[in-house]
Each structure stands twice: as structure tokens, then as C-alpha cells.
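The sequence shown begins at 27 in my numbering and counts up one residue at a time. The beta-carbon is built from N, C-alpha and C at its ideal position, and this holds for glycine as well.
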Amino acid sequence: MSRLQRGLATTAVCAMSAALLFAVPTSALADADPLGIRINEVVSDGGDPGDWIEFYNHSADDVDLSGYIVQDDSDKNPYEIPAGTVVAPGGYYVIDTLNEDTDEGDFDFGLGKGDSVRLFAPGDANGAQPLLQTNWPAGTHQLPSWGAAGEGANIEYAATAEPTKGAANIFPSGGGESDGGGAGTPGTGSDVVLNEIAYDEISGHTDRVEIFNNGAEPASIAGWTISDDKRDRFSTPFAEGTMLAPGAFAVLVTDVDFTFGLGKGDEVVLYDGTGTEVDAYAYENTSPTATFARCPDGTGDWAHATAATPGAANDCTTAPVPGSVVLNEVDSGPADWVELYNPGSEPLDISGFELRDNSDDHRWAFAAGSSIAGGQFLVVAADTIGVVDGEPARFDAPIGIGSADEIRLFDADGALIDRTGAWEGHAAIDGDEIAATLARCIDGRGDFMLAYATPGAANECVRPTVAINEIDSNGSPDWAEIVNTGTAPIDTSGWTLMDDDPVGHAADVTPLAEGTILEPGAYFVFNGTDHFTFGLGNGDTVTIRDADGLTVAEHAYAAHAEGFWARCEDGTGDYVDVGVGTPGIRNACGNPVRINEVESDGEPDWVELVNPTGEALDVSGIVVKDGDDAHVYEIAEGTSIPANGHLVIDDLGFGIGKDDTVRVFDGDQLVDSTSWGDSHVAPSWGRCPDTTGAFAATAEPTPGAANICVGEIAVSPWPGSADVRVLDSIPMFLEDSSGLDVQETAAGTFLWAVDNGTGTIWKLKAFADGSIAPVDGWTEGKRVRFQKDAANPGAAGPDTEGITVDGGGLVYLASERDNSDKGVNQNKILQVDPDAAGADLVALAEWDLTDLLPAVGANLGIEAVEWVSDAMLAGALFDDNTQAPFDGAAYAGDGLFFVAVEDGGGVYAFALAADGSADLVSTIDPGLAGVMSLDYDSVLGVLWAVCDDGCGGKSAQVAFNGTDRPGIAHFARPAGMPDINNEGFATAPASLATNGQRPVWWFADGYTSNALRTGTLPVAGGEGPGDGSGSGEGPDSGGGAGNGGGQPDTSVEPLPGTALVDGNRGDATVDQAVVAPGGEVTITVGAQYAGVDVEVWMYSDPVFLTRGTLNADGAITVRIPTDAPAGAHRLAVYSADGDLLGWANIEVRGGAALAATGSDLPAGNLVLAVGLLIAGALAVTLRRRSQRA
């Protein structure tokens, strides 16, 4: 179907034929009124399939729209209506936003909050006066859609009751339909108002809403309705003839009068019979009785109700709160005073209460008759008279508040009530002690922190030194960056980001995890995937709140930036519309080029620049200086740096000193600089991680390549095919694709897939070329349900992120939360029988792992699960409990379940018991920022841990070796794989291998098609059993029989590389999977070979390493030759009589390039190939027009 056809509604509306294409239209937009056509309906917040615009022909003639221009409020990206577009009388014409992934749709701009749609004459894009225009209110999307109400051209626009793409508009409260719009126009005020709202059962009632007639006459409420904050679902209208007497109440009850629930933080809207909004109240979840009410009825302000009284007079009398007292503010210099606060509503007698500093000898008591009123502050100053040793005395007689001190409060019986905690140094703000105190924020209950002096009044604390530094309000997703502008670390645990709708979006934020620290000068990015789920609008406010809900930083912007709103300079400068976004690093004020690595003690010295963007970057004329302005190097005209590439400057013309600085200028503007103290830094000074990180000493110099940081694992190219292909160009799955797993059975190999939005799973037949086909009965999948929801098919269900199959064929799902309560993290594993009857699979068993895993945000929990049998793990996995290699006999069941936590990237192995309990056996750090999928590779005997686009699609191989330090190797995604949100990964068994290759699969979240992709990995040890030939050499093929030539005198004739296969691998393990040339490796073949004389050989070409006797564990240590080439190798252990006892994989890093060995596979496809390091995950995105606001 063409774009033009997709744009036409299917309601017999647009006459499109050859005759019409050549007909002269009888009505054109340039004619005088009536225009003949109008903008009829707009969806600006993602509809079906995205934003869309509907036109309606209200005339009696055809209207030719050929060549007319459609634009939003921006002058960019005008959309020209295709030639031949004719709208018949009473017909509709719909255009959709362009989907950049599928190339489907029409216009290439997003419709935002407070946006507009404009129509211009042909050739008049950005004209002075549009022919038609509609604007919707600032800061809103006007959900569910924005529609025209009225007849012909005499219309008004308002929010509709529901989107009606290609059909007549429908407005709230039975307003009916008219020619494309609902009947009714905005009315006047009414004496009938909202009066009481009960939103939770702690009120003593189900959700209910009360309305009240505040007038002196009976009022008709026929057709009146209510809605919640979404304004797209409504109560049953009051019946015809319904009247509300003066001073009378009417109550609407959930599940009786309306089907939607009222949230804990929601809005109730009241509409009259024409659909006009007459009253509304938005509330937060702050009422102790979950009830808000007007007091007095009908006219009073909204307040917390003392009790819910539906159908009766409201009660807002405040229940008394007994008096109490806490320390609230302290000034230790230069004027000593202490402020107390009573958070109750009743007074408290504090006769005999004592204040003490850090010494019990220093005590001062309140005199008899002293009290503190409810809700009031009481200041004890230096000259306040109290009692000391039974005699009247000033406060400063026994107590002088020191620079290293604390204040404590005791009751009359000597019991400790409160204490400030000790401090070191008088409080000061910018060196001013007079202005500063230590105070609780919030009064009475917050922690003590630096504050402005406010004796006897509410505290005003000094907010953290955090600035909102950069905003992308038109991204995919939106994000905002903060920076610590101070000199001390800041604990940001519990912080959230909010827009200008804190009530409606209260449940749409995820607080930062406990222990989140923002170091001085560091950046943190709140993104619309992990931290909030709403969009930032075209004119909005970004607010950063601390764990107590207090505002830390805030910025309001009037409209979307053409690029990104960024401070120039970082943290302190004005907001500027910049063309390049740099989340997590310094803002792109000027050219975005950055310093990446410096060698200040080399021959010669050099500076490496990096392009942090996804497109080639022109750096002509960029100037590099050291700390001396006279030392200038200007980059030559025509110089550019490839996307995410590096440029090394080693002909500076000046030397870089040991206590120097490197600076980069774009004209007169400083765009980057770095310095390193008072001495040279060896081996070099670079960003860690590469491109995005802060500067530090590197592990080794890497001019022209990605930095290798201390403790960092180098990233090798993907060891399989560079190309991947899409398997579902026609939609097969839902939108929230997540985990994958492979099951090998006698009936064939099957790929399992799961959707996290609905809990749906699919079973697919897998083939050797990577293609798949749904198994009979599984085309639509089956839905997994919690046990608690067995009788509730309408429940939202589990957020199933991962899937795995055990040896018995039972399926297990990893769920990080209940989709009906998305704000709460709940890490569970669910077991289901996939062969059970019906479309829904209720969990047979559930294991709650939440308390056994790190505390994380609601949407940052377990993302993957993988079952691995005891046989695969015995002696290989390190057991944290026994501090020894794993023995499955010590735990319940066969096999362990590995789960990955997105936040932090940890992998955890659990033994699951039949009673629902679980034992944490092992914790593994694969070295990734996040892990979205896990897969045990039965061919390589390794566990894959895979990250999504949060770290550029990087993956880790974890090789268990019986120690607490498994071998870890990192790989980039295949070159042909786009950097997308892949949340599933699975490898094929050897039975699916052909020509030395076997398929692998990735599964991407957020796509209804193009979600499932396949690529390849090589088969270890030559051709797989599925190739049908049994011939050919694998990646470790040797150079032939014999000792390889030039070997020392040996007693063993080693096998060729092709003869090392899984069947003779034995139980061999190595203590480290990655080793440098000249390094030592211990290979163990089993205690049953203790005392055996052996020879150890290294492949590809068999190279003799050593001979010796195996120790009691069946192990021997060998040294890797210093000239060993970089890449994948194998160590093979032979007995003195020539029997192969076992072999294991290793990877040599840091050597020369791996020589070709006659293999049919290119070196780039070796299982553990090591090539050039690739650039780190992209931290920068170039502006593109987004489809969402």
C-alpha cells in the first residue's frame, strides 16, 4: 500500500481515480468562504500508528488538495500533499507521521504539547498567513485528540471523547456527532460543582465522586459525566430529566457509574450535558483518609477530609495531633542558638526538658511552665534564661556550641529525644558564618544540612550544587542531564525528574537507586526509559527533586530546541540551542570535538582528539594549545574525523610538559581542556571510558584507537558474521519484545521468545540458516499469568523480561514487576508448563528474588534468566557459599538459574527449591554497565551476557574455570547490527551448524516488526555435526601431523587442530581464559590423572610448551611463548604415551596478529578473535526530527 493510500481513511471518503486526477476541482481552498475543507482532528501524542492529522470536506463539492503544504508550528520540514489528492464531499483525508524505521507514513515532524497544524497554499511553505490553522493549549497534548465541533466552517476546537480517525468526531457526555465534529459549544459556569472525592478503600469506600448543587434553584444534570485525568473515558451520563435540588448531593460510584479507577494522585473532571468542562480538581496522594472535600460544601477550598461522607455534608475538621518536640536548627557561630519545633497541633509542656552539647556535664533546662505551641518554633538564644543546677541561668552559661560539637535534647526524665549528630567546623556559606546554620530540611523531619539562618521561621536549606545542564525534549527517548558544580560528592539516592505535570505524572517516575553518588564535576542523565515514562513537551519545565520531594534544580523552556538545550559553559552558562547532544559529557558549545588521550613524555608527544558524534566531523581550523598561549597548532583545512573516530596529532611543534595543560579552541571559544598535575602520567592520560569518561591514567597508550583503561576489558570485533538479517519484516510479535532461549530436542531445535508488556511467549522452530517458523498453535503465542491472577484474565500481568527452558521442557520467565503496579520492583521467576491447555498459562510455581538481589528502580530489575544444568557447571562455576567449585549435590534440583540485573549489570546464579525458596550460589560481574540478556552457549561452554544500546550492544563471554575470577572477554555487536534496544540473545547448538557456522538471534524491544534478527557464530573445533559432510577444518586447524617441524625432541605426536573436538575435550579447564604473551596459565584435566607424566601443546599450529607431571588436582602450569600471536588458541594435554587427556580454549592478547592456519574460516570469524579495539558506546546523538513531543 502506498503512503497516499495509507493516508486515506477507509470510510468511503476520498474519491481517487484517473478521472479525478485530471478534473478541475469545483472547490479550492483559495476560494472565499466557505473554504470547503477544515482541519478536523489531530492526535499529537502517538496514536495509531503515531501522530496524525485529519481533514474534512464539509462542502458539497470535491476539494483538490494537490500541492498544499502542511506544517506544525515550526518552519522546518513542510509536508506537501501528493498530486491527485481529492477529497469527496463529506469525506476525510488523513496523513500520518513518518516512521523512520519502516519508512511508512507521510509528514516528517512530530506534534508536541501546545503545538499547531497549519495549511498553506501550494508553493507557499512558511507563508505569511496560513489558509487554515488550529492551535491547542500550551503545555498539553489535548488527549485523546483535538477536534473541531460545529457545522461547516463555523467551528470551535476542543478535546474529544475518543480518537475517530476517518470518522465523525465524538465529544464527551453524549454530545453526539455532527459533520465531522461533536455538537455543543463551551458553556457558562454552573452552580453544580465537584464536592468530594474518595480515591482509595482506606476511605472506607470504593472510589466515588460527589457533586453538589450550590445554587438556590434545582439544576438539571441530565447528560452530565465525569472523567479522570486522561479525559478519554467517562461515567454513564445522568438520565434525561435528572434534577439536583438546591443543597443536594449526587454520588457516582466506581463499577456502577464509571469503570475507570481513581489513582493515588489523579484528577476528576466534571462535564455538563454538552460536554463542556464545568469543574475539575487534581489531587496528590496526601490525604490520610484518601478523601478530598470542599469545606464548607460547594464553596470552600479543597482539603483533606477528616472522614469520607458521600451523600452528606463534608467533614474537614482536623483531628488533633498530640504535641511533640524536635531539634530543628542550630547556629554554632558566631551567635549560639538552638531552634526547637513542635510538629503537632497541640501545645507541649517542656518544663524540665534539657539541652546538652556533646558533654553530659554541659546541660541547660527549661524553667517550670515552659511550653511550645503546636506547629510553632521556639528559639533558645545565648541569653535565654533557663535552669542550671536548680538556679536561673543563661543558655550560654553552661553551653558554648563549638566548631566540632553536637546538640542533644532530653525530656524531664532524662530520656534522649533527639540529637543533631556531630559536625566538624562551623557552618558557613561562601565563608560567611553569620549567614549559615545547620537545619532540618524539611522542618521537623529532614536531615540536618547547611542552611540559611531562619531563627523562629521555616528552614531554608542550601540546595545541593547541582545544575540542569542539558535537555533533549524531542528525543527517543527524552532526557535531561545534571552536573555537580560543587567540590563535594552528592548523594542523589531517591532523586527524580518531573515535568510541569507533577500530579498527573506522579506515578511515572523511578527514583534513583540507593547509594547513587554524583561526584564533583560529574554528569548524570535522567532518561525517558529508566527514570520517567512521560514525554517532555514543546514548552515544559524540568524539575529535579530530592528524596523528600524538594526541588533541587529547575528549568522552564518555551519550546523544543531545534537541537538540544545546553548550558554554555557547563553548569553555569546560559541555555543555548546546540546542534549536538552530549549526554553524560561536556556540552557541545562550539565544535563537539574532544580531547581523548595525551602523551606528554613521548618521542614525540601527541594529542588524540575524538569525534563523539555519529557523523563525520569537520575540524578544519580547530586550534590545539598547551598551557602557553604562544604554542599554537592549527588543524589543516579539509581535515575531518570519521564518526566516533580518532585523530592523532604528533607534529605539534612544541613539547607538552610534565605539569602542563592541553586545550582545544574553536575560534576564541574553549571547547575542551585537560591537565594532569605536577608530573607526567604513564603510560598515557586519557578518558576512561573512551570518549565519554573523565581523564585518568590509562592501561596502555592507544593512539588512534579506543582507550584501554585500568581494569577495563578490551573489546574485540564480533567473532561471527558482520552481517545480520531481519526475520520479521512482516509483524510476528508485539511491541515489547524481550528475552530469547534455545531448546534442543529430539523433535528439533526451537527458539522461545517473550514479550514483556503482555507476558506473551512464542515457540518457534529454528533452522540452520537462522530462519524460524511458529510451531502449530503458537502463532499468537500464549500469555503467562501470576498465580494471584488466575481468576482475573483482565489483570495486567507480569513484566516478563527473560525466558529459559530447563532440561524437562518447563519454561521459566523472569519478571521485574507486576504491570498493574509498575512503580514497584518485584523480581520473580515464574515456572509454566508450555503444553498446558488454553491461551493463558498460569504459573505452576513462583520464586521472589527481590530481597536476594540489589535494591534497584522499578524498571531496572531482572532482565534475563538462563537455566544451566549441573553437569555443565560442576567443577567450573565458583560457589560463593562454599568458596569452592560448584557441586550440584549441595542444592535442590538439577541446574542453576542465572539472572541478570539491568542496573549495574550483575549476574546471579540461584538454586530454586520446590517450596519457593532460593539459594544464591554465585555472583558474577561480566564488566558491562547493564545486562539485558543471558545465554549459555553449549558449543563454547561459556555464558553470554549481552547489553543493549545503553552500551552499544556490547556482549561478554564468561568462561567458568572453577575460581572466583572467571575468564571474561568482551565483543562489539556485529558491524551490520544497528545500535538498538536488543533485550534478547540466543545461540544455536552445534546441530544447526553448516559450513562451520551456526545461527544466533537477537530480539529488540520497541518494534512491532524488524524485532528479530539473526547472524552467525563459528563452531568450535571445525564443522558442526549438522553440516552433513564431516569434513573441513575449523578455526583451530593445525598445520598437519607430526611435531609441526622445528619442535624440541618430544615423545608425543600431537593431533591436528581439526581433531580437537567436543568429544575429546574432557574436563579440562584453565585458571584464566585471557593471557598475555609470556604469561602463565594453569590447565587442569582432573584429579584422576594425578601423577601422570604429560606434554602440553598450544594450537593453532601445534607448538610444544612443556613436559612435566600433573599434581594432585591433575593440573600443570605452562608459560605462553612471548612471541605467541594474538587471538584464539587451545592448550592440549597429552599423556607421555600420546593419549589426549583434554583441551581448553585460551585467548592471547597483546601479541602479534594471528597467522592464517589454513582454516576455511577467516581469522575475523574465530571464536575468540581479537582485532582492533572498537570505539565505546555512543554518548552523542545528532539531532533528528522526532515523531514524539
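Asked	Found
Among all the DSSP beta bridges, which residues are the ones paired with N510?	V492
Could you check where the beta strand (DSSP E) with D122 kicks off and where it finishes?	Y118 to D122
Are three or more beta carbon pairs between the segment 68 to 88 and the segment 119 to 139 nearer than 8 Å?	yes
Assuming A316 contacts D929 (C-beta within less than 8 Å), just tell me the rounded distance between them.	Their Cβ separation, rounded to whole angstroms, is 32 Å, which puts A316 and D929 out of contact at 8 Å.
Name the residue from A548, R571 and G547 whose alpha carbon lies nearest to the alpha carbon of F558.	R571
Under 8 Å by Cβ, that's how I've got A1099 and I1172 pegged, so tell me the actual separation to the nearest angstrom.	6 Å
Tell me F936's beta-bridge partners as DSSP assigns them.	F923 and L946
Buried or exposed: D101, going by 16 or more other Cβ atoms within 10 Å of its Cβ?	exposed
Tell me whether the beta-carbon of V23 lies closer than 7 Å to the beta-carbon of V89.	The structure shown does not extend to residue 23, since the chain is modelled only from 27 through 1215, so no value can be given for it.
Pop quiz: F133 and L124 are said to be a contact at Cβ under 8 Å. What is the actual Cβ separation, rounded to whole angstroms?	6 Å
Are the beta-carbon atoms belonging to D534 and F552 less than 7 Å from one another?	no
Thinking E450 and N384 are a contact (beta carbons under 8 Å), I'd like their distance in whole angstroms, please.	Not quite, the Cβ-Cβ distance comes to about 12 Å (not below 8 Å), so this is no contact.
Within 10 angstroms of its Cβ, does L879 collect 16 or more other Cβ (buried), or is it exposed?	buried
Ordered along the chain, which non-local residues of its own chain (more than five positions away) have a Cβ less than 7 Å from that of V50?	Any reading at V50 must be qualified, since the residue scores a pLDDT of 30, below 50, and its modelled position is unreliable; the value itself is stated next. No residues qualify anywhere along the chain.
Just the Cα atoms here: how many angstroms apart are F1130 and E872?	53 Å
What residue range does the alpha helix (DSSP H) around A897 cover?	D896 to L899
Please report how far the alpha carbon of E738 lies from the alpha carbon of D974, in whole angstroms.	19 Å
Looking only at its chain, what residues have a beta carbon closer than 6 Å to the beta carbon of N782, apart from the 5 residues adjacent to it on each side?	D762, S764, D825, T826 and E827
Please look up how many angstroms separate the CB atoms of P757 and T1034, rounded, as I've assumed it's under 8 Å.	5 Å
I'd like the list of long-range same chain contacts for G1168, defined as Cβ closer than 7 Å, with 5 residues on each side in sequence excluded.	R1091, G1092, D1093, A1094, V1111 and V1159
Return the residue from the list F776, S701, P709 and K684 that minimises the CA-CA distance to A720.	S701
What residues in its chain sit with their C-beta under 8 Å from that of S797, if we drop five residues either side in the sequence?	L753 and T1040
F392 to V413, Cα distance in whole Å?	6 Å
How many Å lie between L1043 and D877 at the Cα?	37 Å
Under the DSSP definition of a beta bridge, which residues are partnered with V750?	Paired residues: none, contrary to the question.
Would you kindly work out how many angstroms separate the C-alpha atoms of I398 and Y367, rounded to a whole number?	8 Å
Is it true that the segment 649 to 660 meets the segment 581 to 601, where meeting means three or more beta-carbon pairs spaced less than 8 Å apart?	no
Leaving out the 5 sequence neighbours to the left and right, which residues in its chain are closer than 6 Å to A614 when beta-carbon positions are compared?	V604, V606 and T608
At 4 residues or longer, what runs of the alpha helix (DSSP H) sit wholly inside the segment 110 to 177?	none
Does the pairing of the segment 302 to 316 with the segment 216 to 231 give three or more beta-carbon distances under 8 Å?	yes
Using alpha carbons as the reference points, say which of T480, W1027 and F997 lies closest to D357.	T480
Locate the beta strand (DSSP E) running through Q1233, then write down its first and last residues.	As shown, the chain starts at 27 and ends at 1215. That puts residue 1233 outside it, with no answer to give.
Quick check on DSSP: helix, strand or coil for C977?	helix
F1229 and F286 look like a contact to me (Cβ under 8 Å); what is the Cβ gap, rounded to whole Å?	For the chain, the structure presents residues 27 to 1215; residue 1229 sits outside this window and is missing.
Do the segment 519 to 528 and the segment 686 to 693 meet, that is, are 3 or more Cβ pairs less than 8 Å apart?	no
Can you tell me whether G1134 is helix, strand or coil according to DSSP?	strand
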